[in-house]
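Novice: Residues in the sequence shown are numbered from 17 upward in steps of one, following our numbering. If you scroll down you'll find the structure; I have some questions about it.
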Amino acid sequence: MRLKEKVTIITGGSQGIGEATAKKLGEHGSKIVIADIDKETGLKTVRDLQAQGIEAIFWKTDVSNEQDVQDLMHVTVEQFGGVDALVNNAAATIRKSVQDTSLEEWQKVINVNLTGAFLCSKYAIPKMEKRGGGAIVNMASWHAYRTITRFAAYAASKGGMTALTRQMSLDCGPLNIRVNAVCPSTVDTPMLYETFKSLPDPEDAFQQTLDYQPLGRIATGEDIANACLFLISDESNYISGHSLMVDGGTFNKVARPLMFD
């Protein structure tokens, strides 16, 4: 097992990419802590993991709340003895331009996506240092590099995450803590379908998105989880400060789906 006896915290781990990552890392021996604002779904995910023989617990966490994050780290150490890996996956989005985004909406997206990653890393790093090192994976997005209309707050938050990843890798290197980011494109998650619902013709939007993929399909949560597994495992022990594009080649295309214009 590639992560035997490791302890991994996954924020936003109750569904979508987070849930798939929890399952994948757990299958490879890691003990899992699901940190999420959604208690009901989070507990269900933990029960599903436990049914597969994976050691897992849930802790209700608002990643933008400093006390919540401190409590999360305390509970993790109390339950499993330490922290070896952190996946900063909790996310919020809103589909609006700068001029249409309220300050409250802007702050919500930035607080969850970027401040959440900052706070969780801030309090996880000392725990990892006590274990002799660790790995952090920030769930960024291709929006950090190539975005589309009316994703102002989300794109800004994900661009911030990739910059934070590069900077943290310098400060954390001497502590034997590697920091990387994963940049998915279109992934089959509840967040994707919420975005489609905001469009005039969700079915057409889905088809256009599908047609846009060079590999002929959108990514699954497991596709992204595999990247996280690699970046947390010792197989990537000389990779740090890198943003790994997991997009099936979509980033290389010039055109974009018309429904986003």
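Each residue gets a CB set at the ideal place from its N, CA and C atoms; glycine is no exception.
Hey, which unbroken runs of the alpha helix (DSSP H) at 4 residues or more fall wholly within the stretch 219–269?
Specialist: Here the runs fully enclosed are 237–248.
Novice: From which residue to which residue does the beta strand (DSSP E) around G150 run?
Specialist: On the sequence shown, position 134 is the one that residue 150 refers to. Its beta strand (DSSP E) spans residues 150–155.
Novice: Would you call the stretch 117–125 and the stretch 168–180 in contact, with 3 or more CB pairs under 8 Å?
Specialist: The stretch 117–125 is in contact with the stretch 168–180.
Novice: Nearest to K20 by alpha carbon, out of L41, E238, A36?
Specialist: Here residue 20 is taken as the residue at index 4 of the sequence shown, counted from 1. Here the closest residue by C-alpha is L41.
Novice: Are the beta-carbon atoms of A214 and R111 separated by less than 8 Å?
Specialist: As a first step, residue 214 must be located in the sequence shown, where it is residue number 198. As a first step, residue 111 must be located in the sequence shown, where it is residue number 95. Correcting the residue type first, residue 214 is Ser in the shown sequence and not Ala. A contact, by the Cβ cut-off of 8 Å.
Novice: Could you say if the stretch 199–206 and the stretch 228–238 meet the contact criterion of at least three C-beta pairs nearer than 8 Å?
Specialist: Result yes; three or more Cβ-Cβ pairs closer than 8 Å.
Novice: State the Cα-Cα distance for the pair A133 and L226, rounded to the nearest angstrom.
Specialist: Along the sequence shown, one-based indexing puts residue 133 at 117. Along the sequence shown, one-based indexing puts residue 226 at 210. Taking the straight line from one Cα to the other gives about 30 Å.
Novice: Nearest CA to the CA of D250: which residue from S137, L191, I33, G149?
Specialist: Reading the sequence shown from its first residue, position 234 is the one you call residue 250. Looking at the Cα atoms, G149 is the closest of the given residues.
Novice: Where does G265 land, buried or exposed, given buried means 16+ other C-beta within 10 angstroms?
Specialist: Here residue 265 refers to the residue found at position 249 when the sequence shown is read from its first residue. That one is exposed.
Novice: Where in the stretch 89–138 do unbroken runs of the beta strand (DSSP E), each at least 3 residues long, occur, reported from the N-terminal end onward?
Specialist: Complete beta strand (DSSP E) runs here, min 3: 101–104.
Novice: Would you kindly check if the distance between the Cβ of T24 and the Cβ of A51 is under 8 Å?
Specialist: Mapped onto the sequence shown, residue 51 falls at position 35. Mapped onto the sequence shown, residue 24 falls at position 8. Result no, Cβ atoms of A51 and T24 do not sit closer than 8 Å.
Novice: Considering only C-alpha positions, which residue in the set C188, T27, E145 is nearest to M155?
Specialist: As a first step, residue 155 is located in the sequence shown; it is residue number 139 there, counting from the start. Comparing Cα positions, the closest option is T27.
Novice: Classify I33 as helix, strand or coil using the three-state DSSP reduction.
Specialist: Here residue 33 refers to the residue found at position 17 when the sequence shown is read from its first residue. In the structure shown, I33 sits in a helix (DSSP, three-state: H, G or I).
Novice: Give the range of the alpha helix (DSSP H) segment to which R63 is assigned.
Specialist: Walking along the sequence shown from the start, residue 63 turns up at place 47. Segment 55–67, the alpha helix (DSSP H) holding R63.
Novice: Quick one: what's got a C-beta closer than 6 Å to L260's C-beta in the same chain, skipping five residues either side?
Specialist: Within the sequence shown, numbered from 1, the residue matching residue 260 stands at position 244. Only V198, A243 meet the Cβ criterion.
Novice: As an exercise, report each continuous beta strand (DSSP E) stretch of at least 3 residues that is fully enclosed by the stretch 172–202, in chain order.
Specialist: Within the stretch 172–202, the complete beta strand (DSSP E) runs of at least 3 residues are 193–200.
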